[in-house]
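All remarks here apply to the structure that follows.
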Amino acid sequence: MTDFSPQLSPITSIRHGFGNKSALMPDCLQPYQASQANKKQVHGTTIIDVTKPGQECGDADGLYTTQSGILLTVLTADCLPVIFSQRQGKGIAVVHAGWRGLLDGIILKMVERIARDDDPANWIAAIGPAARSCCYEVNEELVERFVNELPLAENIISPRFRHLNLAAIAEHQLRGAGIHQVDRVGSCTICTLAAHGGSDEKQHFKYTSFRRTSQQQAIDPTHPSIKGRNQYSGLIILP
1 MTDFSPQLSP ITSIRHGFGN KSALMPDCLQ PYQASQANKK QVHGTTIIDV
51 TKPGQECGDA DGLYTTQSGI LLTVLTADCL PVIFSQRQGK GIAVVHAGWR
101 GLLDGIILKM VERIARDDDP ANWIAAIGPA ARSCCYEVNE ELVERFVNEL
151 PLAENIISPR FRHLNLAAIA EHQLRGAGIH QVDRVGSCTI CTLAAHGGSD
201 EKQHFKYTSF RRTSQQQAID PTHPSIKGRN QYSGLIILP
């Protein structure tokens, strides 16, 4: 089942959704796939203004538009997909944010872009399925980088030893920058099981996960990679 944001769903002029293994592109966005803006995600902080359907955006991890009829998406497999909409659907944006993007400030740069056209308080953000602190274990050096470089409480950054809480970091950045309506949608991409796993004993997971796949490949080198199986999250202002 596709994940939706309770705060974005009432905006009748947009469609949005967060993909998973059973529907990499949410069904509600598939009719608009031809209008999708194309980019290469590089864990950077570049944000591109999209002004026409099918625009080639080059290297970018954030897209912004006030034009209708253009699908904005990000591809993820443990990183955070963050989607944004103006309360009346007059503008939309998407961000791909892994730990590098959070440290380098891509979310804050997107809010700065929004602020050039509108008060960020008029916008809603939804943080989608990603690696959660239950499973996202990193080395102590990376935790220390976050603690030293971000003005957040240590227990927000790392509520468990050597585990990062990417969604909590993103939410605090959003609220601190002026976007006060923030949803967290979906669950952990690493450990969440599908609602109906079938009759066999094999575990069926809801989301594509780069980290889980890497762990499985370490045990079984024949296990398939996630290439071509990342999930799309995005939204469109209806044409």
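Heads up, the sequence shown is in my numbering, so the first residue is 1 and it goes up one at a time. Cβ coordinates follow ideal geometry from the N, Cα and C atoms, glycine included.
Would you check if there are 3 or more beta carbon pairs closer than 8 Å linking the region 169 to 181 to the region 202 to 214? no
Measuring alpha carbon to alpha carbon, tell me which of V147, R132, S233, Q173 ends up nearest C191. Position 191 of the sequence shown holds residue 191. Among V147, R132, S233, Q173, the Cα nearest to that of C191 belongs to R132.
Taking Cβ to Cβ, would you say I106 is nearer than 8 Å to A97? Position 106 of the sequence shown, counted from the start, is the residue given in the question as residue 106. Position 97 of the sequence shown, counted from the start, is the residue given in the question as residue 97. It is a contact, given that the beta carbons lie within the stated cut-off.
With DSSP as the reference, label I179 as helix, strand or coil. Here residue 179 refers to the residue found at position 179 when the sequence shown is read from its first residue. Coil.
Pairwise C-alpha distance: N148 and L238: As a first step, residue 238 is located in the sequence shown; it is residue number 238 there, counting from the start. As a first step, residue 148 is located in the sequence shown; it is residue number 148 there, counting from the start. So the two alpha carbons sit approximately 43 Å from each other.
According to DSSP, simplified to helix, strand and coil, what is V35? Position 35 of the sequence shown, counting from 1, holds the residue named residue 35. It is Ser, not Val, that sits at residue 35 in the sequence shown. Looking at S35 - three-state DSSP - the assignment turns out to be helix.
In whole angstroms, what is the alpha-carbon distance linking P53 and E154? Taking the first residue of the sequence shown as 1, we reach residue 53 at position 53. Taking the first residue of the sequence shown as 1, we reach residue 154 at position 154. The alpha-carbon atoms of P53 and E154 are separated by roughly 42 Å.
Can we count G186 as close to the ligand MN, meaning its CB is less than 7 Å from some heavy atom? In the structure shown, the ligand MN is absent, as is every other ligand, since no ligand is present at all.
Checking the sheet assignment: what are the DSSP bridge partners for I92? Taking the first residue of the sequence shown as position 1, residue 92 is located at position 92. Partner(s): T65, S85.
Of the listed residues A195, Q217, V42, P221, nearest to L22 (C-alpha basis): Here residue 22 refers to the residue found at position 22 of the sequence shown. Checking the sequence, you will find Ser at residue 22 rather than Leu. Nearest C-alpha to S22: A195.
4 or more residues per run - each alpha helix (DSSP H) lying fully within the region 73 to 161: 99 to 104, 106 to 115, 140 to 149, 154 to 157
In its own chain, which residues sit with a C-beta less than 8 Å from the C-beta of N139, not counting the 5 before and 5 after it? Indexing the sequence shown from 1 puts residue 139 at position 139. Around N139: R162.
Taking only three categories from DSSP, how would you classify S214? One-based indexing of the sequence shown puts residue 214 at position 214. Three-state DSSP puts S214 in a helix.
Taking a contact to mean a Cβ-Cβ separation below 8 Å, would you say A167 touches L80 in this structure? Mapped onto the sequence shown, residue 167 falls at position 167. Mapped onto the sequence shown, residue 80 falls at position 80. Cβ atoms of A167 and L80: closer than 8 Å.
Skipping 5 residues on each side, what residues in its chain have a beta carbon closer than 7 Å to that of R175? Residue numbering aside, residue 175 sits at position 175 when the sequence shown is read from its first letter. So the qualifying residues of the chain are V182.
Collapsed DSSP secondary structure at L166 in the structure displayed: Counting from one through the sequence shown, the residue named residue 166 turns up at place 166. Of the three classes helix, strand and coil, the one that applies to L166 here is helix, per DSSP.
Could you check which residue in S209, L8, A130, I70 has the C-alpha nearest to that of N38? Position 38 of the sequence shown, counted from the first residue, corresponds to residue 38. Considering only alpha carbons, the answer is I70.
For L24, the three-state DSSP class (helix, strand or coil): What you label residue 24 is simply residue 24 of the sequence shown in a count that begins at 1. Note: L24 maps to coil in three-state DSSP.
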